[in-house]
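Just below is one structure, and these are the notes that go with it.
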Amino acid sequence: EIDKMGMDHRGDPASALLEVLDLSKTVHLTITIWKLITIFLKLCLFVLQIV
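So the sequence shown is residues 688 to 738, counted in the numbering used here.
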């Protein structure tokens, strides 16, 4: 069904869909988000220890 999608003035929906489903980028983004959450939680715990 992806090959039946057309391109219009807003872009190529098939390319956008394939980019979202690309596991290498998705996994990298997930790891980055978890690292940021971990750093944020460590910072929160540090601030709470000071108070």
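Every residue gets a Cβ at the ideal spot worked out from N, C-alpha and C, and that includes glycine.
All figures in this text were calculated on a predicted structure; none of them were measured in a lab.
Enclosing alpha helix (DSSP H) for residue i [first to last residue]
i	result
Leu728	Leu710 to Ile737
Inter-residue Cα distance where the pair is residue i and residue j
i	j	result
Phe727	Val734	11 angstroms
Gly698	Leu723	31 angstroms
Leu705	Thr725	29 angstroms
Leu732	Pro700	43 angstroms
Within-8 angstroms CB hit, residue i to chain C
i	result
Thr719	The question asks about chain C, but that chain is absent: this structure has only one protein chain.
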